[in-house]
Amino acid sequence: MAEQTAMSEPVDQQKAAAPTLLDVRDLHVRYQSGRGEVHAVRGVDLSLASGQTLGLAGESGCGKSTLAMSVLRLLPKSSRVDGQVLLDGEDVRTMSWGRLRAVRWAGASVVFQGAMHALNPVRRIGEQIAEPLRLHGWGGRAPTSLSPAAIRARVAELLEQVELPARRADAYPHELSGGQKQRVMIAMALACQPRLVIADEPTTALDVIVQAQVLELMGRLVAEHDIGLIMISHDLSVLAATCQRIAVMYRGELVEQGPAEQVMRQPRHAHTQALAAAFPVVGDPAHRLVPAAEPATAPTVEPSESSGASTRPVLRAEDLHVRFGGRRGGQTHAVAGVTLEVHPNEIVALVGQSGSGKTTLARTLLGLQQPTSGRVYFDGQPLPTSARGLRDYRRQVQLVLQDPTSALNPRQSVYEAVAEGLRIHRIGDDEAGRVADALSKAELRPPEQFFSVLPHELSGGQRQRVVIAGALALNPRVLIADEPVASLDASVRGEILALFLRLRVELGVAALVITHDLGLAWNIADRVAVMYQGELVEVGPVEDVLLAPQHPYTRSLLAAMPNAPGSLDEVELAAGDAG
810 MAEQTAMSEP VDQQKAAAPT LLDVRDLHVR YQSGRGEVHA VRGVDLSLAS GQTLGLAGES
870 GCGKSTLAMS VLRLLPKSSR VDGQVLLDGE DVRTMSWGRL RAVRWAGASV VFQGAMHALN
930 PVRRIGEQIA EPLRLHGWGG RAPTSLSPAA IRARVAELLE QVELPARRAD AYPHELSGGQ
990 KQRVMIAMAL ACQPRLVIAD EPTTALDVIV QAQVLELMGR LVAEHDIGLI MISHDLSVLA
1050 ATCQRIAVMY RGELVEQGPA EQVMRQPRHA HTQALAAAFP VVGDPAHRLV PAAEPATAPT
1110 VEPSESSGAS TRPVLRAEDL HVRFGGRRGG QTHAVAGVTL EVHPNEIVAL VGQSGSGKTT
1170 LARTLLGLQQ PTSGRVYFDG QPLPTSARGL RDYRRQVQLV LQDPTSALNP RQSVYEAVAE
1230 GLRIHRIGDD EAGRVADALS KAELRPPEQF FSVLPHELSG GQRQRVVIAG ALALNPRVLI
1290 ADEPVASLDA SVRGEILALF LRLRVELGVA ALVITHDLGL AWNIADRVAV MYQGELVEVG
1350 PVEDVLLAPQ HPYTRSLLAA MPNAPGSLDE VELAAGDAG
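Our numbering puts the first residue of the sequence shown at 810, with every later residue one more than the last.
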């Protein structure tokens, strides 16, 4: 571990500058499972001072969340913990239950991953923020001394700290955007004025501008309140944008740590190098997975009547409008005059923030949402309106959902999941052969070994391949993929994107990939369509749109990427100008 020691020298210098808040010494965590003992964390040493930020990087299963949850003894009973976890000099492992209860929330708190699942859907957010206050108090004030008015005032103060209006205390989680829900989770974590905050993947699946805002918010709160922050992520670029130091875990061990810029730009360990390379830099040819010698199949101009059938789009939206009525009157113009084409053997990336209209457009293209006006054409013919016609159409145009865990029935085997579409479309001949062929095309081989497997027995990447196999079983001509890699690890992300490219080459399957990730567009797309407030504000070849953007909103998306040079002020200004 000489490499780790060399990288830790700047850490020792920082540690001397401020009192140590957290000191982890020779930590080992083991789990008992049906397959024997799992050694999840192996001899980790780590420290953090007040006001410092530490990024904990690594892929799923590397032990980073186990390490973080051990700080507050949040591990399951099947775990065995050895070593020391010193919080303000006191070993968490030996604390009494009463002392540990007092330390949680008031001494250290957690921002859990997946705000939608962490928040209670049937309780208003103000009540949920108030709950730790009623249990633990704050600022040395006992819970019994707090009046309802004082708690309401504290909730309003916390909402203001995370830049949400106090009136949102009456909202339910489903009435908030993803970024707003994440801000609520941060407000809850800060409620009892803890000295240490642990944020577990706080920006996963957020669009780039909201991600930039959340990261800036967390950095500001650390500085203003002298909080120690541990941020967990598999994305090194996110950690480098927020944290002073980064520690990288691999197979339970801490393999590298040091200043964030150094770890990101000059990684020493092979695993750190793989993490740094996994998230693309827009404009870097090394991250362009489409071969340079292979020209885009689709023309960049409107095909003329004499150009022949080969230039005809397989899927076309023509002047689509979709409006929704509000509960209090008025209308939301979710899709505002969109014209978009997907040509045979082409991958188009539809990019934009949450709420820009991307998913509504996709649902309309699939015939799941009726347009207010405008038309959708498949292979030159208007989208059918009858139930039978739409069913036949959906054999040709298949949806790949964002979250494979939610898309798959947890009680249904892989075979049943892939065969479901065949049964819906009454394709009865050689069902087992078709399922095996689809799994093989999705690179789950040998396919028969996966037939009886349940979703929880698969990795995240394997679950996503099962979802893709379910679509491929029907031999579609177009895949509409909604954020297909948003919840996946760095290495698995690259594997799934490479799979989309192979499907295009080997099967001729075109794809419309919906994403907020411009790096994904740079990886695999031929063309990019940028959507903002229901409109397509910029459409063109990847190199044109991402390297020489013409619209202020496109420039704001690029500036919001964690490894981009633009500041948050520039991002917000550009986004405002785009409106």
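Using N, Cα and C, we set each Cβ at its ideal position, and we do this for glycine too.
>> Would I1156 pass as an interface residue toward chain D - the criterion being a Cβ-Cβ separation below 9 angstroms?
In response: Within the model displayed, chain D is absent; a lone protein chain is all it includes.
>> Using the Cβ count rule (16 or more neighbours within 10 Å means buried), how would you classify I1233?
In response: exposed
> Is the distance from the Cβ of Y1186 to the Cβ of A1143 below 9 angstroms?
Replying inline: no
> For M1370, which three-state DSSP category applies?
Replying inline: coil
> How many Å lie between D1386 and E1033 at the Cα?
Replying inline: Residue confidence for D1386 is low, a pLDDT of 38 falling below 50, so the modelled location carries little weight; the figure read from the coordinates is stated next. Those two C-alpha atoms are separated by around 30 angstroms.
>> Does the contact criterion of 3 or more C-beta pairs under 8 angstroms hold for the segment 1180-1199 versus the segment 1211-1220?
In response: no
>> Taking the alpha carbon of L1199 as the reference point, which residue from R1172, L896, L1217 and A1216 has its own alpha carbon closest?
In response: R1172
> Mind checking D1298: buried by the 16 CB within 10 Å criterion, or exposed?
Replying inline: buried
>> Using C-beta distances below 6 angstroms, list every residue in its chain close to P1371, excluding the 5 sequence neighbours before and after it, in chain order.
In response: S1046, V1047 and A1050
> Should N1218 go down as buried or exposed, given a rule of 16 or more other Cβ atoms within 10 Å for buried?
Replying inline: exposed
> So what's Y981 in DSSP terms, helix, strand or just coil?
Replying inline: coil
>> What does the alpha-carbon distance come out to for the pair G949 and W914?
In response: 13 angstroms
> Which runs of the alpha helix (DSSP H), 4 residues or longer, sit entirely within the segment 814-902?
Replying inline: 873-879
> So, helix, strand or coil for Q937, using DSSP?
Replying inline: helix
> Which residues in the same chain have their Cβ closer than 8 angstroms to the Cβ of Q1359, if we skip the five residues on either side of it in sequence?
Replying inline: E1347
> How would you label K886, buried or exposed, when you count the other beta carbons within 10 angstroms and need 16 or more for buried?
Replying inline: exposed
> Helix, strand or coil for S918 per DSSP?
Replying inline: strand
> Ordered along the chain, which non-local residues of its own chain (more than five positions away) have a Cβ less than 8 angstroms from that of A1102?
Replying inline: Low confidence applies here, because A1102 scores a pLDDT of 38, under 50, leaving its location unreliable; read the following figure in that light. Excluding residues within five positions, none has a Cβ falling inside 8 angstroms.
> Looking only at its own chain, which residues have a Cβ that is under 8 angstroms from the Cβ of L1026, when we skip the five neighbours before and after it?
Replying inline: V971, E972, R992 and I995
>> Do D1128 and S1182 have their beta-carbon atoms positioned less than 9 angstroms apart in this structure?
In response: yes
> To the nearest angstrom, how far is it from the Cα of D1239 to the Cα of Q1258?
Replying inline: 18 angstroms
> From C1001 to L942, what does the alpha carbon distance come to, in whole angstroms?
Replying inline: 6 angstroms
>> Looking at the secondary structure, which residues open and close the beta strand (DSSP E) in which I1289 lies?
In response: V1287 to D1291
> How many Å lie between F1309 and A1086 at the Cα?
Replying inline: 19 angstroms
> Does the Cβ of L1356 have 16 or more other Cβ atoms within 10 Å, making it buried, or fewer, making it exposed?
Replying inline: exposed
>> Pop quiz: V1064 and H1080 are said to be a contact at Cβ under 8 angstroms. What is the actual Cβ separation, rounded to whole angstroms?
In response: 6 angstroms
> For G1317, which residues from the same chain have a beta carbon less than 6 angstroms from its beta carbon, with the 5 sequence-adjacent residues on both sides left out?
Replying inline: N1154
>> Within 8 angstroms, do at least three Cβ pairs link the segment 1067-1078 to the segment 886-897?
In response: no
>> Could you tell me the alpha carbon to alpha carbon distance between L1098 and A1320, rounded to whole angstroms?
In response: 15 angstroms
> Leaving out the 5 sequence neighbours to the left and right, which residues in its chain are closer than 7 angstroms to S1222 when beta-carbon positions are compared?
Replying inline: F1260, S1261, V1262 and L1263
>> Quick check on A1101: does DSSP put it in helix, strand or coil?
In response: Its pLDDT being 49, under 50, A1101 is placed unreliably by the model, and nothing is read from it.
> So, A1307 versus R1274, is the Cβ gap smaller than 9 angstroms?
Replying inline: no
> Per DSSP, D1009 forms a beta bridge with which residues?
Replying inline: I1041
>> Please report the distance separating the alpha-carbon of V850 from that of V901.
In response: 17 angstroms
> Would you call the segment 960-967 and the segment 901-911 in contact, with 3 or more CB pairs under 8 angstroms?
Replying inline: no
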